[in-house]
Structure formats: structure tokens, C-alpha cells
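Peer 1: For any residue, its number in my numbering is found by taking its place in the sequence shown, counting from 1, and adding 302.
Please read through the structure below; I'll follow up with questions.
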Amino acid sequence: MADIDLTTPLAKVLGGNGAKLLAEHLDLHTVGDLVYHFPRRYEERGEHTDIRALEIDTDVTVFGQVKRVNSRQFEQKRGNTRGKRGSLVEAVIGDDGGGEISVTFFNQPWRESQLRPGRWGLFSGKVGRFNNKLQLNQPDYVLLDAGEGEEAVEEFAGAIIPVYPATARVPTWRIAAAVRTVLDVLPPTPDHVPAATRASRKLSSLDKALREIHRPESQQSLAIARRRLKWDEAFALQLTLVQRKKRAEDWPAVPRPRRTDGLLATFDAGLPYELTRGQRDVGEEIAADMERAHPMHRLLQGEVGSGKTLCALRAMLQVVDAGGQAAMLAPTEVLAAQHHRNVTDLLGTMARAGELDAAPEATRVALLTGSLGAAARRKVLEEIRGGTAGVIVGTHALLYEGVDFADLGLVVVDEQHRFGVEQRDALRTKADQPPHVLVMTATPIPRTVAMTVFGDLETSVLSQLPRGRSPIASHVVPVTEKPAFLDRAWRRLREEVAKGHQAYIVCPRIGDTGKADGEDMPPVNDDGRRPPVAVLDVAPQLEEGPLHGLRIGILHGRLPADEKDAVMRTFAAGQLDVLVATTVIEVGVDVPNSTMMMILDADRFGVSQLHQLRGRVGRGSAPGLCLLVTESGEGTPARARLDAVASTTDGFKLAELDLEQRREGDVLGASQSGHRSHLRLLSLQRDEELIREARAEAAELIAEDRELERHPALAATIARLVDEERAEYLEKG
């Protein structure tokens, strides 16, 4: 078939019906889409699928052997009347590990002659349970040792059998047949990676890799193919990030030099405590960056409570001293309001320009959120436009049209995992010349994630906690095994309140609506258990039960902004003993008198989120306590995750664990963007060395050929693989 390449519509090769199925059910439209739809795993004849590990209500493809089969007749009733007789064929499929699953077929008696004991096959369907046994009801299947008079299944002729991501309408063997048809007519695919790179890195050709990944001759050839295709993913990402970094270095920026007699010097002189060594070092890095004539593009990461916000404020004051404005972008209105209060309180008279008691060098600190009333919004916009407000704190409302800055010199993005690169860029375009950018994250990031997700940023790390921060003890409360522990936990909370301290109780859901809310963490490993507990259910139960007599408030994302702010102010002022909340308190909320947190259904949260949440306590002089309440049994993955969180406060260790347990697409934001993850094969955890190699090769190539003008095929491939999903892979999940 002439003129076939990766851009050819599938209908031209497979015909209309086959192409329509792939398009509708798997979003595959071109030859390239199908060829890059890689097998999820591979089975080998004689090896088994671990049937005992299958989970209820999941779509699976089981590779196994027919152990036994039987059929029987039964009477089909219609209401109270007798119906016609029906038949049931039931076969038991087993694996070499002793696992078994039954497959059942109604009114299809011929299945008994096909499913003869001893035959191997692939069986695809949804796992159910009947009479306490695993079951696939009327699954699709294909037998791999087709006998005389039956159609041979050519796509499974090899010893290594590919199993594809599939759907009920398009099972794995149909995909395999379509791939075979396409590969049989596809001419050799041109290679976009330079020959010198292929040789130095000992990479297979692209054409060979694409064929071997689908129809491997051996485990060795499969490994070689996978390595080449992983390299392509890593190389495309790193080339894009290195290009982005180099372009940023070329942009002209307004230098923002330090002053010895301005706001920053006055602020530093008035600090009631000494900066940590880490804060001084990071401050020096940031200050030096902003004195240069190209924009700073820096990631500031550190443990919860390590003082990142103070570093950011000092950078903002340096910019104001140099005649510019600094904007801080926060992910929620609660956090934006908290930052605004903290900055205003820290600056004191230096935040009150235009007022009688203002310091001589004072500026104004503005707050812009989506819920501001019209009059207040007009006033804030005028302060921003006129330059009266030197420091501006806001949510994504800062990105809207009509928000104009007099001289935007610095953008601070708080909690990068809530913002994509497109949003960062949108705020940056509000300056006449590119402003300096500081991205902060309180979730420590594994090196490979930092290299792949934040590879266009310089990195600073704050690992030292400020003096005066108290240690946080964490314990798992296993309520199923030891229900008395929960009663003790409630008594422990009352003891903290009796000492004059306050406590948080965190729930996974708001409640009332019957569905998860936007701020709620989706259930983790939810396998048919009861719904996660909700704020609106828990708070009244506690008021009437174990916490009767205590002053209890509630906080969640559906409250109007002024109510959220009022609740936080009341809690911060010590007028509430207990705050029952969702993860809206996860970042930035700072109440030093809060010493205890109970996280209910803690197994419904991810590792990084649990680490973030417990960072809300122990922020004063008294030690912090975090109790992780769970019904998960000993030995389960969920319990192991909680035990790990309780065993260490090292955020970097926990970040590595989080990466092990989460899907790569979640880490790279694919689940949030709604697109397929760009990383089909590359694992950020397992392929660290390959990512490092790709980074080094990308830096070398971009140094010689910035825009890849001498490598047009490579530039075109990157444009196809990366640009359309740029926000996806740069968004932190």
C-alpha cells in the first residue's frame, strides 16, 4: 500500500468499521496513534496471570488455561409464570499459581465444545463475584492453540504475547490484529534522533523499536525496543525544557538590585529572630538572580514550615525597593487571604503607604480574589494599575483580563502543583518585559520529577527548619483492630484543648452532595468500602459525642469566601477549640497554637498530602501530634503507606514513596488535564539514569543548535509529542 506513514488515517489501512471502533473507544485515529498504543504488559506461554490478585469491578484480560467445563439447563422465569428453558456453560480458568476464575455464558451451548480442558486463552471482561468466587460473565476470549478447522490467531503466534490497554468493545486481540495489519504495510519509519546520538547511546533504530515493541522475538529484543522508546520520551521532554530555559536566559529583564536603605533592610533589622543558614543562602541566590538582566526562573522547595514564604517576601521587598511590583499567586482564596494577612502583619507600618502612621518607605499590600465585591475590586485594580500597591497577593483572579500592573517585576507562584506552566506564563505576560519568577512548593520533589517537571527552573532547597519549630509525632490509629484507640484519641484531643491549645480534624469529603468535591482527595484504593467520612456529617456527631462542650467550627471549599475568612480568623484568634475541615487547610494555614491534628480515613489521602496536612501543627513552641485514623488492616498497601508517613518526617523520603505508589500520569498532571499522559513507557522512578543521559544529550545538542534548525525531523517530532501536551506534563499532579 503506497504512501503510508504515521500520519495516515487508520480508515485507509483498516477500513471504515475497524477504524471507527478504534477511534470511538480508544481515541486512536492515525497509524501513528495505533503504533504508539503500546502493550500494557506481555504474557509468555507457560507463565500465568496472577488471578488471585484481580480486583472486583475492574476490566481485565486474563491469560490462563481451561481447567474444567460443564453445562446445565435451567428454567427462565418471567414473573410468576414459567418461561422457556435456558442453558448455562461455566468454565473454570486457572493459572499455575493456583488462582481460578469462572467464566459463564448463557444460552450459548456451543461454548462447551470450544472451551475444552487444557486449552490456553486470553479472556477479557469485568471481574465480578458470585457465590464467593471470582467470575467473568460472558467475556470475550481468544484461544491461542486453535485446532483443526478453526481460524488460527496469527497475532499471538509468538511465545511473547502482547496485552494492550483495551475496552469491552475492543479487546486486546482485536488491537493486536489491527497493529499487525498496519505494521505489514508500513514502510520503514524515518529516525528523528541524530545518528551520532544513536551510536553514542547505543540506541536501536526507531523503526525496529516500533516493530519489536508489538511483536518481540525475545525478552532481550523487547528490552532494547523499550529502552529506545523510553529514550525518545525522555529526550523530547528534556529538549523542550532545555530550549525553554535557554530562551528564558535570552529574554531581557529589568534588573532589580538590592538597596541598603530600603524596605528590605528595615524589615530584616526588625525581625525578632535570626534567619536560618538555609534561608540566608537561598536569599542570596534569589537576590543575585534578580540583579541580572535576564529573568530569574527558580524553584524553591523545602519541608513544610522551612520558611519559604519568608524567603519569598524578602525577594518581593527587594523588587519594591527597586521601583517594581511583586505578585504572589496562591491556589485558594483561603491561602491568598492568609498570605495577605501574614505579609501585612509582618510589614506592619511598612504596609500602610498613604496612612498617617506609615513608615517613610512604606508600600501597600493588595489582595485580589474572585469573590471581591465590585467597589473593592475597582479600588484594588486602581492600586495595582497606578503602582500604589507594591505587593499584590491573589488567586487565579490575577490572570484575568483587566488586571494591569504598573511595573510587574516578580511573580511568586505558591504551591506549583496547583498551577500549570500556561498559568505561570499568563501572569508573566502582564509585564512589559518578562518579570522574575519564583515557584515555591512545600512538597519535596524526587530528583527525577524535578528534572522532568521543573527542568526549566534553577532549584533551591530549604531543608533546615527555623529555630523554635517543634517536632511533630505521628501515629496510626487502627480502629478496626483496636477500637479503644479511637476513644483514647478523642480524650487526647480534649487534653490538648485543656492545656489551652487547638486542634484540626480533617475529613476527605465535604458531604451533603453525595459526591466528591473539587478540593477533596479522590479515594485511594477504594474497593467497595463505605464512602469516606465528611465534614458536614462528622462535626455534629462530635458536638453531641466525644467533643461535647468544645467550641467547634467547620471549614470547606463550598463556604463563601467571607465565611471561610471569618472562620479562619476566629480559629486563629483562639475563639474555636477544634476546626473540622477538608484539605482546604492543606497549605499555608498558620496557627501556631494548633498542636494536634486527627486525619479521619487517612488511607484515602496520598503520602504527600498527609505530609502537607500534618505540617499545619507544631508551628509554635509546643510539640505537634498527628493521628492517622484508619480502618485499613495490617499488611495492606494502605496501612503500609500510613506506617511510612508515621515513621518519618523526611519529606524527600516520602516523596520517593509517593512516586512509587502513584501512577506516572498523576505525577505529571495527565489525570487533571483529561488527556493521555505523554509518558507511555518512561518511569520517573525506574529510569533515573536514562533521564539523566537524555538531559545531558539535550543540553549538548541545544548548545550547538538552539532551535534544532539542523535537525528538522527531531523538531517536528517534539512539536507532535510535547507541545500539544506541554501544560499536561508540566503540571504537577
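For each residue, glycine too, the CB sits at the ideal point set by N, CA and C.
Helix, strand or coil: which one does DSSP assign to N827?
Peer 2: What you label residue 827 is simply residue 525 of the sequence shown in a count that begins at 1. Reliability of the predicted coordinates at N827 is poor, the pLDDT of 42 falling under 50, and the value obtained from them is presented with this limitation in mind. Correct three-state label for N827: coil.
Peer 1: Quick one: give me the first and last residue of the beta strand (DSSP E) that G430 is part of.
Peer 2: Stepping through the sequence shown from its first residue, residue 430 is reached at position 128. Counting along the chain, the beta strand (DSSP E) containing G430 begins and ends at W422 to F432.
Peer 1: Among M652, L669, L670 and A668, which residue has its Cα nearest to the Cα of P662?
Peer 2: On the sequence shown, position 360 is the one that residue 662 refers to. Comparing Cα positions, the closest option is M652.
Peer 1: Whose CA, out of L849, I812, R853 and G847, lies closest to the CA of P833?
Peer 2: Reading the sequence shown from its first residue, position 531 is the one you call residue 833. Nearest of L849, I812, R853 and G847 to P833, Cα basis: I812.
Peer 1: Is the distance from the Cβ of R941 to the Cβ of S934 below 7 angstroms?
Peer 2: Here residue 941 refers to the residue found at position 639 when the sequence shown is read from its first residue. Here residue 934 refers to the residue found at position 632 when the sequence shown is read from its first residue. The answer is yes: Cβ separation under 7 angstroms.
Peer 1: Give every residue of the same chain whose Cβ lies closer than 8 angstroms to the Cβ of E514, excluding the five residues on either side of it in the sequence, and list them in chain order.
Peer 2: Locating residue 514 in the sequence shown gives position 212, counting from the first residue. Hits under 8 angstroms: S506, S523, L524, I526 and A527.
Peer 1: If you scan the stretch 588-659 from start to end, which runs of the alpha helix (DSSP H) of 4 or more residues do you find wholly inside it?
Peer 2: Fully enclosed alpha helix (DSSP H) runs of 4 or longer: 610-623 and 635-649.
Peer 1: From D307 to K314, what does the alpha carbon distance come to, in whole angstroms?
Peer 2: Here the question's residue 307 lines up with position 5 in the sequence shown. Here the question's residue 314 lines up with position 12 in the sequence shown. Distance between the alpha carbons of D307 and K314: 11 angstroms.
Peer 1: Does the distance from the C-beta atom of V444 to that of R413 stay below 7 angstroms?
Peer 2: In the sequence shown, residue 444 corresponds to position 142, counting from 1. In the sequence shown, residue 413 corresponds to position 111, counting from 1. Not closer than 7 angstroms, so no.
Peer 1: As a quick exercise: from E635, P773 and L669, pick the residue whose alpha carbon is nearest that of V886.
Peer 2: For this step, residue 886 is matched to residue 584 along the sequence shown. Of E635, P773 and L669, the residue nearest in Cα terms is E635.
Peer 1: For the alpha helix (DSSP H) containing K322, list its first residue and its last residue.
Peer 2: By one-based count along the sequence shown, residue 322 stands at place 20. Taken as a continuous stretch (DSSP letters only), the alpha helix (DSSP H) holding K322 covers G318 to L328.
Peer 1: Keeping to the same chain, check which residues put their C-beta closer than 7 angstroms to that of P401; ignore five residues upstream and five downstream.
Peer 2: Against the sequence shown, residue 401 aligns to sequence position 99. At residue 401 the sequence reads Gly, which differs from the Pro that was named. Closer than 7 angstroms at Cβ, skipping near neighbours: D352, I353 and R354.
Peer 1: From V484 to P518, what does the alpha carbon distance come to, in whole angstroms?
Peer 2: Locating residue 484 in the sequence shown gives position 182, counting from the first residue. Locating residue 518 in the sequence shown gives position 216, counting from the first residue. Going by the C-alpha atoms only, they are around 16 angstroms apart.
Peer 1: Keeping to the same chain, check which residues put their C-beta closer than 6 angstroms to that of E845; ignore five residues upstream and five downstream.
Peer 2: As a position in the sequence shown, residue 845 is number 543, starting the count at 1. Contacts found: I854.
Peer 1: Cutting at 8 angstroms between CB atoms, please list the residues of its own chain near I686, excluding the five before and the five after it.
Peer 2: In the sequence shown, residue 686 corresponds to position 384, counting from 1. Here the set comprises Q627, A668, L670, I694, V705, D706, F707 and A708.
Peer 1: Let me know the secondary structure DSSP gives E845 once reduced to three states.
Peer 2: On the sequence shown, position 543 is the one that residue 845 refers to. Residue state, collapsed to three classes: helix.
Peer 1: Please classify P311: does DSSP put it in a helix, a strand, or coil?
Peer 2: Sequence index remark: in the sequence shown, residue 311 carries index 9 (1-based). DSSP places P311 in strand when its eight states are reduced to three.
Peer 1: What residue range is occupied by the uninterrupted beta strand (DSSP E) comprising K256?
Peer 2: The chain is shown from 303 up to 1035; residue 256 falls before or after that span and cannot be answered.
Peer 1: Is the Cβ-Cβ distance between A841 and I856 less than 7 angstroms?
Peer 2: Translated into positions along the sequence shown, residue 841 becomes position 539. Translated into positions along the sequence shown, residue 856 becomes position 554. Cβ distance < 7 angstroms, so A841 and I856 count as in contact.
Peer 1: Return yes when the Cβ of V880 is within less than 7 angstroms of the Cβ of L902, no when it is not.
Peer 2: By one-based count along the sequence shown, residue 902 stands at place 600. By one-based count along the sequence shown, residue 880 stands at place 578. Against a cut-off of 7 angstroms, the Cβ pair of V880 and L902 comes out as no contact.
Peer 1: How many whole angstroms separate the CB atoms of M898 and E1006, which I take to be in contact at a CB cut-off of 8 angstroms?
Peer 2: Position 596 of the sequence shown, counting from 1, holds the residue named residue 898. Position 704 of the sequence shown, counting from 1, holds the residue named residue 1006. Not really, about 58 angstroms apart at Cβ, beyond 8 angstroms.
Peer 1: Would you say the beta carbon of N439 comes nearer than 6 angstroms to a heavy atom of the ligand COA?
Peer 2: Of ligands this structure carries none, so the ligand COA is not represented either.
Peer 1: Below 8 angstroms CB to CB, which residues in the same chain sit around L312 once its five sequence neighbours on both sides are set aside?
Peer 2: Residue 312 sits at position 10 when you count from the first residue of the sequence shown. Here the set comprises G320, A321, L324, A325, L330, H331, T332, V333, D335, L336, A480 and V484.
Peer 1: Kindly indicate which residue of I358, D398 and W475 has the alpha-carbon position closest to the one of F432.
Peer 2: Working through the sequence shown from its first residue, we reach residue 432 at position 130. When each option's Cα is compared against that of F432, the closest is I358.
Peer 1: My output table needs one value for A744: the three-state DSSP class, helix, strand or coil.
Peer 2: Position 442 of the sequence shown, counted from the start, is the residue given in the question as residue 744. Residue state, collapsed to three classes: coil.
Peer 1: Which first and last residues belong to the alpha helix (DSSP H) in which L508 is found?
Peer 2: Numbered from its first residue, the sequence shown carries residue 508 at position 206. It spans L508 to H516 - the alpha helix (DSSP H) in which L508 sits, taken as one unbroken run.
Peer 1: With which residues is I812 paired in a DSSP beta bridge?
Peer 2: The sequence position of residue 812 within the sequence shown is 510, counting from 1. Per DSSP, none; premise fails for I812.
Peer 1: Note down the Cα distance separating D442 from D989, rounded to an integer number of angstroms.
Peer 2: For the purposes of this step, residue 442 is taken as the residue at position 140 of the sequence shown. For the purposes of this step, residue 989 is taken as the residue at position 687 of the sequence shown. Taking the straight line joining both Cα atoms gives about 35 angstroms.
Peer 1: If you draw a straight line from the C-alpha of D398 to the C-alpha of P341, how long is it?
Peer 2: On the sequence shown, residue 398 is found 96 positions in, with the first residue counted as 1. On the sequence shown, residue 341 is found 39 positions in, with the first residue counted as 1. In a straight line, the C-alpha of D398 is about 23 angstroms away from that of P341.
Peer 1: Tell me whether the beta-carbon of I1020 lies closer than 7 angstroms to the beta-carbon of L541.
Peer 2: As a working note, residue 1020 is residue 718 in the sequence shown. As a working note, residue 541 is residue 239 in the sequence shown. Yes, they are a contact pair.
Peer 1: Run through DSSP, which three-state label would P554 get?
Peer 2: Residue 554 sits at position 252 when you count from the first residue of the sequence shown. Coil at P554, not helix or strand.
Peer 1: N269: which of A957, L986 and S772 sits nearest, CA to CA?
Peer 2: Since the first and last residues shown for the chain are 303 and 1035, residue 269 lies out of range.
Peer 1: Taking the alpha carbon of Q581 as the reference point, which residue from M592, Y702, G564 and A617 has its own alpha carbon closest?
Peer 2: To locate residue 581, count along the sequence shown from 1; it is residue 279. Checking every option, the nearest Cα to that of Q581 belongs to A617.
Peer 1: Go ahead and pull the three-state DSSP assignment for T761.
Peer 2: For the purposes of this step, residue 761 is taken as residue 459 along the sequence shown, with counting starting at 1. Reduced to three states, the DSSP call for T761 is strand.
Peer 1: Taking the CB atoms as reference points, tell me whether A624 and R549 lie closer together than 7 angstroms.
Peer 2: Within the sequence shown, numbered from 1, the residue matching residue 624 stands at position 322. Within the sequence shown, numbered from 1, the residue matching residue 549 stands at position 247. For A624 and R549, no; Cβs fall outside 7 angstroms.
Peer 1: Does the count of Cβ pairs from the stretch 581-601 and the stretch 730-750 closer than 8 angstroms reach three?
Peer 2: In short, these stretches touch, since the Cβ pair count reaches three.
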